[in-house]
Amino acid sequence: MWSLTNIANSIHNWLNEQFSPTWALIFEMVIAGVAVIGLFALLGLILVIMERKVSAWMQIRLGPNRVGPKGLLQSFADTLKLLVKEGLTPGGADKLLFNLAPVIALVVAMLLMAPIAFAKDFQFWDLNIGVLYVSAVSSLMVISILMAGWASNNKYSLMGAMRSGAQIVSYELSAGLSVLAIVVLTGSLNISEIIYSQADGWWIFKGHIPVLIAFVIFIIAVTAETNRAPFDLAEAESELTAGFHTEYSGMKFALFFLAEYVNVFIVCAIGATIFLGGWMPLHIGNWEGFNHAMDYIPSSIWFFGKTFFLIFVIMWFRWTFPRLRIDQLLNLEWKYLLPISMFNLLLVTAMAILKWHF
Amino acid sequence: MYRNTEIVYESSQNPSIGGAGEAGDLVINVGPQHPATHGVLHLVLTLNGETIKKVEPHLGYIHRSIEKMCESLTYRQFIYVTSRMDYLSAHINNQACALCVEKGMQIEVPERAKVIRTIMAELTRIASHELWWGAMAMDIGAFTPFFHAFREREAINDIMEETCGARLTMNYMVPGGVMMELHPDFQRKVKDFIKQFRDKVHEYDELVTGNIIFRNRMKDVGILSKEDAVSFGCTGPTARGSGVSCDIRKLYPYDAYDKVQFEEVLETGCDSLARYMVRIRELHQSISIVEQLIDNIPEGDFQAKTKAVLKLPKGEFYTSVETARGELGVYIVSEGGTTPYRIKFRSPGFSNLSALDTMARGSKLGDLVAMMGTLDLVIPDIDR
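Heads up: the sequence lines are chains A and B, in that order. Quick note on my numbering: the first sequence kicks off at 13 and runs consecutively. Quick note on my numbering: the second sequence kicks off at 173 and runs consecutively.
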């Protein structure tokens with residue numbers, strides 16, 4: 013069976029046979045770096061073209077259709093354009109923070125990639141506090157946005173950053189609490205253990221209505237956390253021109269753009285892992301034949317299918333809903349989502365203690 | 173650099189920010205280039221955090237001196253310039269000028285021309301309201317409605333293109349009637365459009381009007397009381413959203429409006445939602461007007477016989493019409509020559525914009541954008 017450990021070990025052994033240990037280590041680092049950056053770029057490109065096609069489909073138009081077959085290479089062309097574009101730094105900007113912010117955004121997104129299981133036995137880092145790690149690292153995202161907003165020396169950027177700060181910090185709570193519901197049911201923070209606990213059924217089916225509520229809250233909260241419409245107040249095109257990245261251009265802008273899309277991928281992957289069973293195939297009770305047939309579909313397809321379904325849902329939000337106002341946004345979190353998710357967590361705890369779930 | 177200029181700006185008693193702002197005030201320029209102003213409007217906002225303390229519109233970025241230009245053009249020529257004022261109501265602007273010249277010359281317009289003018293004016297109103305609807309939704313962050321609105325508007329643009337040859341700066345109304353005979357396919361095309369519109373208009377309500385986020389953004393926001401609406405001289409849907417009855421088509425009917433049944437749309441909410449609902453309901457009224465007229469275009473001339481050179485008698489002439497944005501008044505002072513001595517347009521957008529400060533004070537920045545959307549500002553109309 014293919015597994016990340018086996019592949020890594022065979023590459024490691026082969027390199028050590030061919031080169032001295034020092035060179036082998038250097039090559040391994042290069043390979044890992046290129047692989048991560050390549051994965052990143054690929055994800056970004058796929059998600060950008062997907063967003064454009066989905067939006068075109070919803071808006072009765074064709075979308076990009078000139079570069080490559082059916083316009084699929086459009087995002088390569090866009091990336092090339094951004095690469096060769098001059099990266100301006102405004103005169104009054106704090107140069108260090110201004111240039112650091114997009115890098116931090118990207119690094120945070122990269123760090124978040126570590127504990128995600130892309131397929132069976134295909135996980136970069138199966139640490140025992142996976143869920144905690146994800147929620148801890150994802151909150152670093154706000155730092156890059158605040159930095160970008162402050163360092164740009166632009167009032168629009170500053171307002172966007174301040175909005176974003178209030179927004180991400182608040183919605184973190186709901187996202188965390190709704191993930192905790194599953195942690196309570198599973199009794200583990202480890203991502204792979206959470207996946208294995210869903211071998212006989214995904215939590216969204218096993219956990220009755222409380223888990224369904226947690227799932228809905230999770231989707232709303234992560235949409236807000238990733239600054240996607242209808243919660244895109246940090247960018248709020250019609251109000252703040254482009255919010256925190258007003259002053260960014262060229263590759264620095266592209267890094268923010270990439271980080272945004274990779275963040276969307278990551279939160280959807282976490283949602284798919286925790287609520288929809290990650291790479292676990294769909295199993296229904298005692299239907300042996302059906303379960304067996306489902307097992308034939310590769311685990312990576314299950315994982316990416318679920319993740320891209322959630323990504324589609326989040327894109328669907330973006331192209332349907334108008335934007336909330338800042339006070340309505342915070343009201344929604346503090347007056348509705350947070351109390352509901354707290355109460356919901358109590359329900360889930362009672363359910364876990366009384367073993368009411370399947 | 174920018175920080176330095178800002179300090180100078182605030183300490184120099186600059187009238188553009190209403191004297192020195194209080195400590196902690198954020199003075200922010202929205203425009204002249206900004207996605208929400210739909211043109212080159214410049215707003216100087218004084219903010220306390222997100223809350224608006226003051227809105228000051230600065231005009232003049234697209235001033236083309238249309239009134240002065242009109243004074244050197246003959247009564248046949250000056251009409252064409254007015255398509256560039258409120259470019260979304262081009263036909264209605266032309267109609268206003270034609271009516272004013274006809275009033276001065278006492279030209280009797282044939283019935284056929286009157287009906288054609290009314291149909292074209294109502295189609296223009298529908299196209300304008302549709303564009304407004306899309307832009308309004310875009311202002312509050314929903315992109316998709318824009319494309320849905322353009323789908324219907326495109327059908328009207330096609331009709332206009334076939335009838336008068338242009339899609340944006342249209343010219344069709346002339347003193348004495350309309351410029352040329354209708355396109356033979358006109359009636360069929362308009363009926364097709366009405367059918368398409370009736371099929372699709374429910375999407376507007378499903379996508380935007382009924383949306384809970386949208387309603388929360390619009391309800392009780394941007395309050396413009398009836399008294400304020402009157403004192404600022406607001407007209408059109410902006411004033412009718414505050415319950416002021418001001419529809420020129422109903423109060424002083426011109427062309428064929430006295431022959432059709434329609435209702436003056438009034439809402440009493442005084443808020444952004446009321447102004448929004450007025451326009452949405454007006455769409456249905458306009459469709460009904462077009463439906464009543466399209467099968468009843470009388471036979472006859474499309475233009476009255478007029479002299480080659482028009483000369484208005486000495487005196488002052490005023491007519492007003494209802495454009496998609498409100499009351500457009502045309503005031504001509506004639507010395508008896510072939511060109512107007514003085515011409516003045518009373519544009520609806522200018523008065524409506526003046527109410528923005530009263531509406532916006534105390535609300536959030538995001539709401540300002542929504543309010544500007546409900547005012548349906550067309551900048552070349554404000555700044556002629």
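C-beta atoms are modelled at their ideal positions from N, C-alpha and C, and glycine is treated no differently. Note that the structure is predicted; figures quoted are calculated from it, not measured.
- Bridge partners of B/Ile200 according to DSSP: B/Leu217.
- A/Lys132 is not bridged by DSSP to any residue.
- Straight-line measurement puts the Cα of A/Lys218 at about 11 Å from the Cα of A/Ala364.
- Under the three-state reduction of DSSP output, A/Phe329 falls in the helix class.
- Sequence-distant partners of A/Leu16 (beyond 5 residues in either direction) whose C-beta falls short of 8 Å from its own C-beta, in its chain, are Asp133, Phe134, Gln135 and Phe136.
- At a Cβ-Cβ threshold of 8 Å, B/Ile288 and B/Leu231 do not count as neighbours.
- Secondary structure at B/His235: coil, using DSSP grouped into helix, strand and coil.
- Cβ contact annotation for B/Val253 (same chain, cutoff 8 Å, sequence separation greater than five): Ile238, Met241, Cys242 and Leu245, in chain order.
- DSSP places B/Arg518 within a strand segment (E or B) once states are collapsed to three.
- When Cβ pairs closer than 8 Å are counted between the two stretches, the segment 78-95 of chain A is seen not to touch the segment 226-238 of chain A, the count staying below three.
- In the structure shown, B/Gly349 adopts extended strand secondary structure according to DSSP, grouped into three states.
- Contact of B/Arg389 with chain A by beta-carbon distance below 7 Å involves Pro334 and Arg337.
- A straight line joining the alpha-carbon of B/Met292 with that of B/Phe322 spans about 18 Å.
- At a Cβ-Cβ threshold of 8 Å, A/Met292 and A/Ala163 do not count as neighbours.
- When A/Pro242, A/Asn111 and A/Leu252 are compared, the shortest CA-CA separation from B/Leu540 is found for A/Leu252.
- In the structure shown, B/Gln475 adopts extended strand secondary structure according to DSSP, grouped into three states.
- Not a single CB atom of chain B sits nearer than 8 Å to the CB of A/Lys97.
- Against chain A, the beta carbon of B/Met310 has neighbours under 8 Å at Ser250, listed in chain order.
- Interface criterion not met: the Cβ of A/Gln179 is under 8 Å from no Cβ in chain B.
- Here B/Thr316 carries a helix assignment [DSSP, helix/strand/coil].
- Not flagged as an interface residue toward chain B: A/Arg78, since no C-beta distance is shorter than 8 Å.
- Here DSSP, grouped into helix, strand and coil, assigns A/Gly297 to coil.
- Each of A/Ser250, A/Phe333, A/His295 and A/Ile278 was checked against the Cα of B/His210, and the nearest Cα belongs to A/Ser250.
- A/Ile352 has a beta carbon lying at 8 Å or more from every beta carbon in chain B.
- At least one CB atom of chain A sits nearer than 8 Å to the CB of B/Val541.
- Counting along the chain, the unbroken beta strand (DSSP E) around B/Leu500 starts and ends at Glu499 to Ser506.
- Residues of chain B with a Cβ closer than 8 Å to the Cβ of A/Ile72 are, in chain order, Phe319, His320 and Arg323.
- Of all alpha-carbon atoms in B/Gly501, B/Val216, B/Leu260 and B/Asp555, the one lying nearest the alpha-carbon of B/Ala270 is that of B/Gly501.
- Contacts between A/Thr253 and chain B, judged by CB atoms closer than 7 Å, involve His206 and Pro207 in chain order.
- In the assembly as shown, A/Tyr308 is an exposed residue. Its beta-carbon has fewer than 16 other beta-carbons within 10 Å.
- Within its own chain, the residues whose Cβ lies closer than 6 Å to the Cβ of B/Ala401, once the five positions on either side in sequence are excluded, are Ala411, Ser414 and Val416, listed in chain order.
- Under a 10 Å Cβ-count criterion, A/Asn18 is classified as exposed, with fewer than 16 other Cβ atoms of the shown protein chains found around its own Cβ.
- Secondary structure of A/Lys167 (DSSP, three-state): helix.
- Excluding its 5 nearest sequence neighbours in each direction, A/Asn25 has no C-beta neighbour in its own chain below 6 Å.
- Counting along the chain, the unbroken beta strand (DSSP E) around B/Phe489 starts and ends at Gly487 to Glu494.
- Nearest C-alpha to A/Leu349 among A/Ile231, A/Ala266 and A/Arg337: A/Ile231.
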